[in-house]
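Accompanying notes for the structure given below.
In the working numbering, the protein residues as written are 206 to 359.
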């Protein structure tokens, strides 16, 4: 019964499961789906963290590669994302392991780079992150302009 409800209406299923837990009706719990949903909460937290890091990266790249377009909006977004990342790491310290994972960080870099490319049209952004995570999360740090060499200069 509970598995069918899970498939039909996950919100009603969640309310039913919460009620059963609170009432101590453990024999009515849908343990398989409960375990999956609990794991998904962790994955959701990881996705949120990486999403915020990607936005931060995208705006740092725009700041660095388009110095003439810098403005309060970009700076505000950078500040907001840093604060949100710091808050999330304070509330869920185990997420620090996610940021230390090279694959997760590579995904965040790729997403942030894609964001910057999509918003600027720039095609000469680095394939790999030129900054450390610690540097990017430093509250007042902003990247310097990177001089992009033309073919004639190389």
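Here a beta-carbon is modelled for each residue, glycine too, at the ideal position from N, C-alpha and C.
DSSP, read as helix, strand or coil, puts residue 345 in coil. In this structure, the CA atom of residue 317 is about 8 Å from the CA atom of residue 264. A residue is called buried once 16 or more other Cβ atoms fall within 10 Å of its Cβ, and residue 295, having fewer, is exposed.
In the displayed model, residue 221 falls within a helix according to three-state DSSP. Between residue 240 and residue 233 a beta carbon distance of about 16 Å is seen, past the 8 Å cut, so the two are scored as non-contacting. Nearest in C-alpha terms to residue 286, of all of 297, 313, 257, is 257.
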